[in-house]
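Written below as C-alpha coordinates is the structure these notes are about.
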Amino acid sequence: MGNHHDSIALDWVRGEIQDTLTQGQHALEAYVENRDDTARLRFCLNYLHQVHGTLQMVELYGAALLTEEMEKLTQAILNETVTSVDEAVEVLMQAILQLPQYLEHLGSSRDDFPMVLLPLLNDLRAARGDTLLSDTSLFKPDLSPSRIRVNGKVSERLQDPKVLGHLRKLRQMYQFALAGVVREADLD
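Read left to right, the sequence shown gives residues 938 to 1125 (the numbering used here).
In C-alpha coordinates form, the structure reads like this:
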(Lines of atoms letter the chains of each structure in order from A and count residues from 1; the text may use other names and numbers.)
(Lines give C-alpha, C1' and ligand atoms only; values in the text may rest on other atoms or scores of the structure.)
Protein backbone atom coordinates (compact mmCIF):
# COMPACT_ATOMS: atom_id res chain seq x y z
CA MET A 1 0.00 0.00 0.00
CA GLY A 2 1.45 3.37 -0.98
CA ASN A 3 1.02 6.83 0.38
CA HIS A 4 -1.95 8.62 -1.12
CA HIS A 5 -1.08 12.13 -2.26
CA ASP A 6 -2.66 15.14 -3.85
CA SER A 7 -2.03 15.07 -7.60
CA ILE A 8 -2.62 18.84 -7.86
CA ALA A 9 0.66 19.52 -6.05
CA LEU A 10 2.47 17.12 -8.37
CA ASP A 11 0.91 18.70 -11.46
CA TRP A 12 2.02 22.09 -10.18
CA VAL A 13 5.71 21.13 -9.93
CA ARG A 14 6.07 18.33 -12.49
CA GLY A 15 7.19 20.61 -15.33
CA GLU A 16 9.80 22.30 -13.16
CA ILE A 17 11.07 18.93 -11.94
CA GLN A 18 11.34 17.68 -15.53
CA ASP A 19 13.26 20.79 -16.60
CA THR A 20 15.63 20.48 -13.65
CA LEU A 21 16.19 16.78 -14.32
CA THR A 22 16.93 17.57 -17.97
CA GLN A 23 19.53 20.11 -16.85
CA GLY A 24 20.99 17.50 -14.51
CA GLN A 25 21.09 14.98 -17.36
CA HIS A 26 22.94 17.45 -19.60
CA ALA A 27 25.41 18.24 -16.81
CA LEU A 28 26.05 14.52 -16.28
CA GLU A 29 26.51 13.98 -20.03
CA ALA A 30 29.01 16.88 -20.10
CA TYR A 31 30.89 15.25 -17.22
CA VAL A 32 31.00 11.93 -19.09
CA GLU A 33 32.53 13.69 -22.11
CA ASN A 34 35.21 15.32 -19.93
CA ARG A 35 35.82 13.52 -16.63
CA ASP A 36 38.28 16.20 -15.53
CA ASP A 37 35.46 18.77 -15.43
CA THR A 38 33.99 17.97 -12.01
CA ALA A 39 32.14 21.30 -12.06
CA ARG A 40 29.61 19.64 -14.39
CA LEU A 41 29.09 16.86 -11.87
CA ARG A 42 28.61 19.47 -9.13
CA PHE A 43 25.96 21.14 -11.30
CA CYS A 44 24.26 17.75 -11.63
CA LEU A 45 24.39 17.34 -7.84
CA ASN A 46 22.81 20.78 -7.35
CA TYR A 47 20.01 19.98 -9.80
CA LEU A 48 19.31 16.69 -8.03
CA HIS A 49 19.27 18.51 -4.70
CA GLN A 50 16.66 20.94 -6.09
CA VAL A 51 14.48 18.07 -7.27
CA HIS A 52 14.87 16.28 -3.92
CA GLY A 53 13.73 19.37 -2.01
CA THR A 54 10.75 19.86 -4.30
CA LEU A 55 9.66 16.24 -3.93
CA GLN A 56 9.90 16.47 -0.15
CA MET A 57 7.89 19.68 -0.20
CA VAL A 58 5.02 18.00 -2.08
CA GLU A 59 5.36 14.91 0.15
CA LEU A 60 6.31 12.40 -2.53
CA TYR A 61 8.56 10.40 -0.27
CA GLY A 62 9.25 7.47 -2.61
CA ALA A 63 10.47 9.78 -5.35
CA ALA A 64 12.33 11.87 -2.76
CA LEU A 65 14.08 8.72 -1.52
CA LEU A 66 15.19 8.00 -5.08
CA THR A 67 16.64 11.50 -5.53
CA GLU A 68 18.34 11.24 -2.14
CA GLU A 69 20.10 8.07 -3.30
CA MET A 70 20.96 9.79 -6.58
CA GLU A 71 22.52 12.68 -4.64
CA LYS A 72 24.53 10.30 -2.48
CA LEU A 73 25.89 8.48 -5.52
CA THR A 74 26.80 11.76 -7.23
CA GLN A 75 28.62 12.87 -4.10
CA ALA A 76 30.42 9.52 -3.94
CA ILE A 77 31.58 10.00 -7.54
CA LEU A 78 32.86 13.46 -6.63
CA ASN A 79 34.61 12.06 -3.55
CA GLU A 80 36.10 9.30 -5.72
CA THR A 81 34.79 6.59 -3.38
CA VAL A 82 33.04 4.48 -6.03
CA THR A 83 34.81 1.42 -7.42
CA SER A 84 33.59 1.95 -10.99
CA VAL A 85 32.83 5.48 -12.18
CA ASP A 86 31.43 4.12 -15.45
CA GLU A 87 28.94 1.90 -13.64
CA ALA A 88 28.00 4.67 -11.21
CA VAL A 89 27.39 7.17 -14.02
CA GLU A 90 25.33 4.60 -15.93
CA VAL A 91 23.10 3.87 -12.92
CA LEU A 92 22.77 7.58 -12.16
CA MET A 93 21.71 8.31 -15.74
CA GLN A 94 19.20 5.45 -15.59
CA ALA A 95 17.71 6.95 -12.42
CA ILE A 96 17.51 10.43 -13.96
CA LEU A 97 15.64 8.96 -16.92
CA GLN A 98 13.35 6.75 -14.83
CA LEU A 99 12.24 9.35 -12.28
CA PRO A 100 9.95 11.23 -14.74
CA GLN A 101 8.25 7.92 -15.60
CA TYR A 102 7.62 7.28 -11.91
CA LEU A 103 6.22 10.80 -11.51
CA GLU A 104 3.96 10.19 -14.52
CA HIS A 105 2.73 7.01 -12.83
CA LEU A 106 2.07 9.00 -9.65
CA GLY A 107 0.03 11.50 -11.63
CA SER A 108 -2.33 8.79 -12.81
CA SER A 109 -2.44 6.45 -9.81
CA ARG A 110 -2.06 8.98 -6.95
CA ASP A 111 -0.18 6.37 -4.88
CA ASP A 112 3.47 6.90 -3.99
CA PHE A 113 4.59 3.28 -3.88
CA PRO A 114 8.39 3.21 -3.56
CA MET A 115 8.48 -0.59 -3.79
CA VAL A 116 8.57 -0.32 -7.59
CA LEU A 117 11.74 1.76 -7.23
CA LEU A 118 13.51 -0.82 -5.04
CA PRO A 119 15.65 -2.38 -7.82
CA LEU A 120 16.84 1.06 -8.93
CA LEU A 121 17.41 2.18 -5.33
CA ASN A 122 19.52 -0.92 -4.75
CA ASP A 123 21.48 -0.32 -7.96
CA LEU A 124 22.28 3.20 -6.76
CA ARG A 125 23.29 1.93 -3.33
CA ALA A 126 25.39 -0.92 -4.77
CA ALA A 127 27.23 1.48 -7.08
CA ARG A 128 28.52 3.34 -4.05
CA GLY A 129 29.13 0.18 -2.01
CA ASP A 130 26.28 0.62 0.46
CA THR A 131 24.09 -2.17 1.84
CA LEU A 132 21.01 -3.04 -0.18
CA LEU A 133 17.47 -2.34 0.97
CA SER A 134 15.08 -5.21 1.56
CA ASP A 135 11.44 -5.14 0.54
CA THR A 136 10.48 -4.68 4.20
CA SER A 137 12.70 -1.63 4.63
CA LEU A 138 10.22 0.44 2.60
CA PHE A 139 7.17 -0.88 4.47
CA LYS A 140 6.41 1.59 7.22
CA PRO A 141 2.78 1.28 8.28
CA ASP A 142 1.22 3.73 10.73
CA LEU A 143 1.11 1.77 13.97
CA SER A 144 -0.05 4.63 16.18
CA PRO A 145 -3.52 3.06 16.75
CA SER A 146 -1.82 0.04 18.31
CA ARG A 147 -0.40 2.28 21.03
CA ILE A 148 -3.85 3.16 22.35
CA ARG A 149 -4.27 1.87 25.88
CA VAL A 150 -7.62 0.37 26.82
CA ASN A 151 -9.10 0.94 30.24
CA GLY A 152 -9.60 -1.85 32.76
CA LYS A 153 -13.27 -2.50 31.92
CA VAL A 154 -12.53 -3.16 28.27
CA SER A 155 -9.68 -5.46 29.21
CA GLU A 156 -11.94 -7.36 31.64
CA ARG A 157 -14.67 -7.64 29.02
CA LEU A 158 -12.22 -9.22 26.57
CA GLN A 159 -11.58 -11.98 29.13
CA ASP A 160 -15.29 -12.80 29.48
CA PRO A 161 -15.90 -16.40 28.20
CA LYS A 162 -19.07 -15.28 26.39
CA VAL A 163 -17.17 -12.55 24.51
CA LEU A 164 -14.35 -14.98 23.73
CA GLY A 165 -16.91 -17.39 22.24
CA HIS A 166 -18.34 -14.63 20.03
CA LEU A 167 -14.85 -13.60 18.95
CA ARG A 168 -14.02 -17.20 18.06
CA LYS A 169 -17.19 -17.44 15.91
CA LEU A 170 -16.42 -14.12 14.22
CA ARG A 171 -12.88 -15.27 13.45
CA GLN A 172 -14.21 -18.51 11.92
CA MET A 173 -16.72 -16.58 9.80
CA TYR A 174 -13.97 -14.23 8.65
CA GLN A 175 -11.64 -17.11 7.79
CA PHE A 176 -14.42 -18.89 5.87
CA ALA A 177 -15.21 -15.73 3.89
CA LEU A 178 -11.54 -15.05 3.23
CA ALA A 179 -11.02 -18.62 2.00
CA GLY A 180 -13.96 -18.09 -0.37
CA VAL A 181 -12.41 -14.91 -1.70
CA VAL A 182 -9.09 -16.67 -2.21
CA ARG A 183 -10.86 -19.50 -4.06
CA GLU A 184 -12.99 -16.91 -5.88
CA ALA A 185 -16.15 -18.64 -4.67
CA ASP A 186 -19.56 -16.97 -4.58
CA LEU A 187 -20.14 -16.00 -0.95
CA ASP A 188 -23.90 -15.40 -1.19
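Note that the Cβ used here is the ideal one computed from N, Cα and C, for glycine as well.
Inter-residue Cα distance where the pair is residue i and residue j
{"i": "ASP1060", "j": "THR1020", "result": "13 Å"}
{"i": "LEU1070", "j": "VAL1100", "result": "43 Å"}
{"i": "GLY1044", "j": "VAL1053", "result": "15 Å"}
{"i": "THR991", "j": "ILE954", "result": "8 Å"}
{"i": "LEU1115", "j": "GLN1109", "result": "10 Å"}
{"i": "SER1083", "j": "LYS1077", "result": "14 Å"}
{"i": "ALA967", "j": "GLU1017", "result": "18 Å"}
{"i": "TYR1111", "j": "LEU1104", "result": "10 Å"}
{"i": "VAL1087", "j": "GLY1102", "result": "21 Å"}
{"i": "ALA976", "j": "ASP948", "result": "31 Å"}
Neighbour-count burial assignment, residue i, 16 or more Cβ in a 10 Å radius
{"i": "MET938", "result": "With a pLDDT of 40 at MET938, under the threshold of 50, the modelled position of this residue cannot be trusted; read the value that follows with caution. Exposed: under 16 other Cβ atoms inside 10 Å."}
{"i": "PRO1056", "result": "exposed"}
{"i": "ARG1094", "result": "exposed"}
{"i": "ASP1072", "result": "exposed"}
Nearest-angstrom beta carbon gap, residue j and residue i [assumed within contact, 8 Å]
{"i": "ILE1033", "j": "LEU982", "result": "About 12 Å; that fails the 8 Å criterion."}
N- and C-terminal bounds of the alpha helix (DSSP H) containing residue i
{"i": "SER1092", "result": "1089-1094"}
{"i": "THR1018", "result": "From DSSP, THR1018 is part of no alpha helix (DSSP H); its letter is neither H nor E."}
{"i": "GLY1102", "result": "1098-1119"}
{"i": "GLY990", "result": "975-994"}
{"i": "PRO1056", "result": "1055-1064"}
heavy atom of the ligand NAP below 8 Å from residue i C-beta
{"i": "TYR1111", "result": "Among the components of this structure there are no ligands whatsoever, and the ligand NAP is therefore not found."}
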